[in-house]
Amino acid sequence: MINEQLLNPRSIVVVGGSNNVKKPGGKVLKNLIDGKFSGELYVTNLKENEVQGIKSYSDVSDLPDVDLAIIAIAARFVPETVEVLASKKNTHAFIVLSAGFSEESEEGAKLEEKLVAIVNDANGALIGPNCVGVLTPSHHSVFTYPIPKLDPKGCDFVSGSGATACFIMEAGIPKGLTFANVFSVGNSAQMGVEEVVQYWDESFDPDKSSRIKLLYIEDISKPDLLLRHSASLIRKGCKIAAVKAGSSEAGSRAASSHTGALASSDVAVEALFRKAGIVRCYGREDLIAVASVFMHPPLTGKRIAIVTHAGGPAVMLTDALSEGGLQVPQIDNPKSRELLEQLFPGSSVSNPIDFLATGNAEQLGIILEYTEKHFDDIDGVVVIFGTPGLFSVFDVYDVLHEKMKTSKKPIFPVLPSTLTAAEEVEAFISKGHVNFPDEVVLGKALARVYHTPPPAEPAMKPDDIDHERIRKVIDNAGEGYLAPEAVQELLDAAGIPRAAEAVTDRLEDARKQAGDMGFPIAMKVVGPVHKSDVGGVVLNVKNEDQLTSEFNRMMQIPETTAILMQPMLSGVELFAGAKREEKFGHMVLCGMGGIFIEVLKDINVRMAPVSEEEAVEMITGLKSQAILQGIRGQEGIKITQFVNVILRLSALVVVAPEIYEMDLNPLLANMNQVVAVDARINIVKS
0 MINEQLLNPR
10 SIVVVGGSNN
20 VKKPGGKVLK
30 NLIDGKFSGE
40 LYVTNLKENE
50 VQGIKSYSDV
60 SDLPDVDLAI
70 IAIAARFVPE
80 TVEVLASKKN
90 THAFIVLSAG
100 FSEESEEGAK
110 LEEKLVAIVN
120 DANGALIGPN
130 CVGVLTPSHH
140 SVFTYPIPKL
150 DPKGCDFVSG
160 SGATACFIME
170 AGIPKGLTFA
180 NVFSVGNSAQ
190 MGVEEVVQYW
200 DESFDPDKSS
210 RIKLLYIEDI
220 SKPDLLLRHS
230 ASLIRKGCKI
240 AAVKAGSSEA
250 GSRAASSHTG
260 ALASSDVAVE
270 ALFRKAGIVR
280 CYGREDLIAV
290 ASVFMHPPLT
300 GKRIAIVTHA
310 GGPAVMLTDA
320 LSEGGLQVPQ
330 IDNPKSRELL
340 EQLFPGSSVS
350 NPIDFLATGN
360 AEQLGIILEY
370 TEKHFDDIDG
380 VVVIFGTPGL
390 FSVFDVYDVL
400 HEKMKTSKKP
410 IFPVLPSTLT
420 AAEEVEAFIS
430 KGHVNFPDEV
440 VLGKALARVY
450 HTPPPAEPAM
460 KPDDIDHERI
470 RKVIDNAGEG
480 YLAPEAVQEL
490 LDAAGIPRAA
500 EAVTDRLEDA
510 RKQAGDMGFP
520 IAMKVVGPVH
530 KSDVGGVVLN
540 VKNEDQLTSE
550 FNRMMQIPET
560 TAILMQPMLS
570 GVELFAGAKR
580 EEKFGHMVLC
590 GMGGIFIEVL
600 KDINVRMAPV
610 SEEEAVEMIT
620 GLKSQAILQG
630 IRGQEGIKIT
640 QFVNVILRLS
650 ALVVVAPEIY
660 EMDLNPLLAN
670 MNQVVAVDAR
680 INIVKS
C-alpha cells in the first residue's frame, strides 16, 4: 500500500539514471532536479561516474540506505535490483518505469509476479511497472511533461494510462485546472486505481486533503473496493469524476435471456458509479469540464441564467442545458424590466440576458448584481464573453472575477476568445479561476454533475426472506435452468408474488389441473427460452377441447419438456431481472415487460443489494413511467408493490449468488398487485 516513503521520501535513487534526457532515466532525474527535491538524490549508471551533476554508483549494492527507488532499466534486471534494495538498502517504495512485463508477454508476467512478491515481502509500496511515475508536492518522479505547479486545492488524479494522464493535464492546465497529486499506476501490479482511492479515503484530512478526485480507469479489478472508498470519500465532502475506457463490446454476445442481453459489463460500470456517487465522463475534455465544474460552488437548483454579448453561443448553451434536464427559465418581473432600462437599446433580459456586442464591464456588473440579488428563480449563472479583437477586455474579466468571489450563486465563465484575448484569459485564470472555452461542453458537464445522485444508502433486506429455504433449493440444484417447481420454491421463499400454476407433460393431468384452476387459462411451453418466438404461448384457452388441441401441438415444439398452465390475469406487463457480472456481483434490472422490453429497451439498473430509495429511482426514472402512473384513462399500477418485487429479487440474489441470470417477465401489475407470471432462473456454480 501507499506509504510515507513513496509520498515524502527523505532519499531517492534513480536506477538507470542517464545524462540523456530523451530517455526515461535521464528525464525523470532532470525533473527531480528541476523540481528541487529537498532530500538526498542518488543515481546508478553502469558507465558514468557522474550523471547530471550527481555522483553515480555502478552497483545498487554500493548505495547508502534509500527510501524510494525509481527504476528505469530493462525488465529482466528489475526483480534482482529490487531484491537488493529491499533487503539491503531499507528501500520500501518503488516506482518502476520500465516496460516489458505483463503488458508484453507471458515471460514478462512472470517477472511482474516475482517483482510484486519481493515488494510485498518487504512490506513495500510499488507503483507500476510500465508507468510514467508519480507527482507529489515532495517530488516530481515522472519522465514526462507537463509538470503542473501543484496546488493543495487542486485535483488528486490517478490514471491507469500514463499517456492519458499527460494529455488530460496538458489540456486542463491552460484552462486553469490545477492538480494536487498525480499517480500513474501502469500495470497496477500491486496497486491500481482502487488502492489509490482507498488511500485517499483512509488518509483523508478535512483541512488539508483535496476534495476533487479524478480517475481514468481501463480495468476495474476490485469493484467492491472502488465502490466502498469512493462512496466514503463523497460522504466526507469530496467529488469524484471518472472515465472508464474500454466500455464497448466488439460484436454481439449470445444471450440466453432478456437480462443477459441487457446487462453488459458497461451497464455494471454505470451501476457501480451511480451507487458510489461518481460522475461518469466519456473522454478527456469531458473529465476536464466536470472537474472544472467541481471547482465552483455546487448548483442548488436547476434554473440557469445565461448572460451573454453573443447570441449564437447562448442558443447552443440553452439547447445543451435543456437536453441535460436543466432549465433556462424566462425572466419577466419588475426587476428585470428595471434592469433592461440600464442596458443599451436592443438588449434583452428575458433569458438569455443579451447585452449585445457593445456591452461593457459596467453593464456586466449590473447584470450580475441583479441575477444574484433580485432574481430568486435563478440558481446559477453562465457568463459568455469573448471579443472580436477590437479592444481589450481586461476590465470585463476583472468585474467577472470580483463578482465570482462574492456571489452567493455560482457563476461559470465561458471565455471563448482563447487566441484573440489570450492575455486577458490568462490573467483571469491566474487569479485562481478555470475557464470553459466551449459552452456546450460546459452545459453537458453541468447537467451530468447536477443529476449524479449521492452515494446510495445501505440496503435493508426484507425481514421475511426465508434464507434457509433458498439455500436448500440452491444447494440441491445442478447447473443450468431450474425446473419450474424449483423456481416456484425460490419465489415463494423470497416472498415474490406469483400466479398460481401447474406443470405437466401428461394430457390427463393437464385436463384435471385446468379444471381445478378454472378456465380461461394461459399455456406456455417449458424448455425453449423465447417461448413466443416458437409458438409456445397461448392465451385465453377457454375450454377442454381447446386445451387438448393446444397441448398436443405445443408438446411437439423442439426442446419442450412440459406445459405450464396459469389462470388468465390482466394488467400492465412489467419486467424485473438480475444478472451476475464477473467481479461486480449482481445487476438488478426493471422496466416494461413482455415484448416491450425488446422494443423499447427502457430499463434501469442498479447493483445489488438495492435499497428502497434506489428501487423507487429505478421505477420513476423509466421513460415509460407515465404508463405506470396511469395515462389517458388507463389504470396505473401500485408502485409500492413493484418496489417490493425489486427489493425481494435483490435480496434473493444476495442470498443465492449462484443465480447467474433471472427473469421475471412478464410481471402483471394493476392497482392491487404485481404478480410474476413467468420466471426463469439460471444457476452457475463454478
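If you're matching positions, the sequence shown starts at 0 in numbering that gives the first Met the number 0 and goes up one per residue. Even glycine gets a Cβ: it sits at the ideal position worked out from N, Cα and C. As the structure is a prediction and not an experimental result, all values here were calculated from the model.
| Item | Value |
| --- | --- |
| Please give me, in chain order, every unbroken run of the alpha helix (DSSP H) with length at least 4 that falls completely inside the region 22–62. | 23–33 |
| My output table needs one value for Met564: the three-state DSSP class, helix, strand or coil. | strand |
| Looking at the structure shown, is Val14 part of a helix, part of a strand, or coil, going by DSSP? | strand |
| Here's the rule I'm using: 16 or more other beta-carbon atoms within 10 Å means buried, otherwise exposed. How should Asp204 be labelled? | exposed |
| In whole angstroms, what is the alpha-carbon distance linking Arg510 and Ile618? | 39 Å |
| Along the alpha helix (DSSP H) that carries Met553, what are the first and last residues, could you check? | Glu543 to Met553 |
| Leaving out five residues before and five after Glu269 in sequence, what residues of the same chain have Cβ atoms less than 8 Å from its Cβ? | Arg279 and Val604 |
| Quick check: the region 454–465 against the region 421–439, are there 3 or more CB pairs under 8 Å? | no |
| Would you report the Cα separation of Arg252 and Asp265, rounded to the nearest angstrom? | Here the model assigns Arg252 a pLDDT of 37, short of 50, so the residue's position is not dependable, and the following value carries that caveat. About 13 Å. |
| Within the continuous beta strand (DSSP E) that includes Thr80, where are the two ends? | Segment Val77 to Lys87 is the alpha helix (DSSP H) holding Thr80; no beta strand (DSSP E) there. |
| Using a 10 Å radius around the Cβ and a threshold of 16 neighbouring Cβ atoms, would you call Thr639 buried or exposed? | exposed |
| Is Gln672 helix, strand or coil by DSSP? | coil |
| Can you tell me whether Thr258 is buried or exposed, with buried defined as 16 or more other CB within 10 angstroms of its CB? | Annotation note: pLDDT 47 at Thr258 (below 50); position unreliable, coordinate value reported separately. So Thr258 ends up on the buried side. |
| Starting from Thr307, trace the alpha helix (DSSP H) in both directions and tell me its first and last residue. | No alpha helix (DSSP H) contains Thr307, which is instead part of the beta strand (DSSP E) from Ile303 to Thr307. |
| Quick one, which of Ala179, Arg234 and Leu226 has its alpha-carbon nearest Lys207's? | Ala179 |
| Do you know how far the Cα of Ile70 is from the Cα of Lys88? | 15 Å |
| CB Ile239 to CB Ile287, shorter than 9 Å? | no |
| In the DSSP assignment, find the beta strand (DSSP E) that holds Arg679 and state where it starts and stops. | Ala678 to Ile682 |
| Would you call the region 514–529 in contact with the region 561–568, where contact means no fewer than 3 C-beta pairs closer than 8 Å? | yes |
| From the DSSP output, read off the bridge partner residues of Thr503. | Ile562 |
| Which residue's Cα is closest to the Cα of Ala61: Glu79, Val83, Glu49 and Leu67? | Looking at the sequence itself, residue 61 is Asp, so the reference to Ala does not match. For Asp61, the nearest C-alpha among the options comes from Val83. |
| Who are the Cβ neighbours of Gly15 in its own chain at under 6 Å, not counting the five residues just before and after it? | Gly24, Ala71 and Ile72 |
| Report the three-state DSSP secondary structure of Ile1 (helix, strand or coil). | coil |
| Since Phe574 sits in a beta bridge, which residues does DSSP pair it with? | Gly590 |
| Can you grab the Cα-Cα spacing for the pair Ala74 / Leu110, in whole Å? | 8 Å |
| Please look up how many angstroms separate the CB atoms of Gly593 and Pro483, rounded, as I've assumed it's under 8 Å. | So it is not a contact: roughly 19 Å between Cβ atoms. |
| Using 8 Å as the Cβ pair cut-off and three pairs as the minimum, do the region 460–472 and the region 210–226 touch? | no |
| Could you check where the alpha helix (DSSP H) with Val196 kicks off and where it finishes? | Val192 to Glu201 |
| Could you tell me whether the Cβ atoms of Ile428 and Gly171 are closer together than 9 Å? | no |
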